[in-house]
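What follows is a single structure, written as structure tokens, with notes after it.
Residue numbers (my numbering): 16 to 321.
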């Protein structure tokens, strides 16, 4: 197999205290971000806040600045996205529930644009309204999805390996989701269903990477009887390091391409995926396996004291 690094002898476990401190900082950021999401103070998408979105096509060139200026005159704070090619003149106009001035918000927006741009014909391509009840349900279901995904990971690894491996993998996965979530909230990125989808994707990716490492640890535990558990874990991590870097590197290139060329609608989704690949690769080496080692060490100390 092609290898980009060979015969490495990195002491991963020797760096675990540093990685624990670093991760603790980012996890706390993630918990704070989760708190902001639950309380609704983060930059939440229409999926979770409720509101309206209108997609319109102009017959002549139009700018986002001009649309925003027109709608701000009637008191609307809107979020604008240019859709498609520049020549298409298609815009997605969104406003949250708290910024809607009347029960006929979308109609008011459309009529105002038509009135202020009479020489530029407007065609309404799509119109969506998300009420407060639906947005609350979506937020609840999103949190449930992440919770049950974590439970599923715990059960899967428990069946396949041992309980301490299962807990370690689950903690590493939760770590990855919280870190990415914290960074997204810190950057004031909009949290919508696409970002939640990215977080679930990250959980799956992180688990796959961790399982590869755990498989090698289990294999070496069976075949190498003279080495300490610490040595076996370090050996295993070094043996799969090349595979990890190649897999993560190629996946990262695709995610970066999606971020650069996927358009504004996929921007936050692809950014979350990029962050997730980096954090997931880090956690499989510096979080999941060290937790297993510390757990095993603690169990041995308890047996000695008894």
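For glycine and all other residues, C-beta sits at the position ideal for the given N, C-alpha and C.
Give me the Cα-Cα distance between residue i and residue j, rounded to the nearest whole angstrom.
i, j, result
"residue 246", "residue 177", "19 Å"
"residue 118", "residue 190", "Any reading at residue 118 needs caution, since the residue's pLDDT is 48, under 50, leaving its predicted position unreliable; the model's value is listed next. So the alpha carbons of these two residues sit roughly 42 Å apart."
"residue 122", "residue 280", "24 Å"
"residue 67", "residue 74", "23 Å"
"residue 4", "residue 198", "Examination of residue 4 is not possible in this model, given that the chain is present from 16 through 321 alone."
"residue 99", "residue 135", "19 Å"
"residue 251", "residue 203", "39 Å"
"residue 219", "residue 94", "32 Å"
"residue 267", "residue 209", "18 Å"
"residue 109", "residue 293", "32 Å"
"residue 31", "residue 316", "19 Å"
"residue 25", "residue 253", "7 Å"
"residue 140", "residue 80", "20 Å"
"residue 192", "residue 226", "17 Å"
"residue 5", "residue 165", "With the chain represented from 16 up to 321, any question about residue 5 goes unanswered, as that position is not in the structure."
"residue 132", "residue 35", "57 Å"
"residue 37", "residue 62", "32 Å"
Considering only C-alpha positions, which residue in the set the options is nearest to residue i?
i, options, result
"residue 306", "183, 162, 290", "183"
"residue 286", "217, 89, 87", "217"
"residue 229", "128, 272, 171, 71", "171"
"residue 105", "76, 165, 220", "76"
"residue 213", "309, 290, 30, 311", "290"
"residue 186", "222, 174, 155", "222"
"residue 215", "163, 317, 240, 36", "163"
"residue 256", "277, 301, 269, 51", "301"
"residue 47", "137, 161, 200, 180", "200"
"residue 72", "225, 160, 288, 107", "107"
"residue 84", "127, 211, 69, 264", "127"
"residue 21", "297, 259, 312", "259"
"residue 45", "88, 124, 188", "188"
"residue 29", "308, 314, 54, 161", "308"
"residue 313", "57, 27, 179", "179"
"residue 224", "58, 296, 137, 63", "296"
"residue 55", "129, 264, 155, 232", "155"
Are there 16 or more other CB atoms within 10 angstroms of the CB of residue i, so buried, or fewer, so exposed?
i, result
"residue 86", "buried"
"residue 194", "buried"
"residue 43", "exposed"
"residue 205", "buried"
"residue 303", "buried"
"residue 237", "exposed"
"residue 283", "buried"
"residue 320", "exposed"
"residue 103", "exposed"
"residue 65", "buried"
"residue 249", "buried"
"residue 50", "exposed"
"residue 90", "exposed"
"residue 174", "exposed"
What residue range does the alpha helix (DSSP H) around residue i cover?
i, result
"residue 274", "244–276"
"residue 236", "208–238"
"residue 76", "Looking at the DSSP string, residue 76 is not in any alpha helix (DSSP H), and its letter there is neither H nor E."
"residue 297", "282–298"
Give the range of the beta strand (DSSP E) segment to which residue i is assigned.
i, result
"residue 94", "94–98"
"residue 72", "66–73"
Can you find a heavy atom of the ligand GTP that lies under 7 Å from the Cβ of residue i?
i, result
"residue 107", "Among the ligands in the structure shown, none appear at all, so the ligand GTP cannot be discussed."
Segments of 4+ residues assigned as alpha helix (DSSP H) that fall wholly inside the segment 137–196: 147–175
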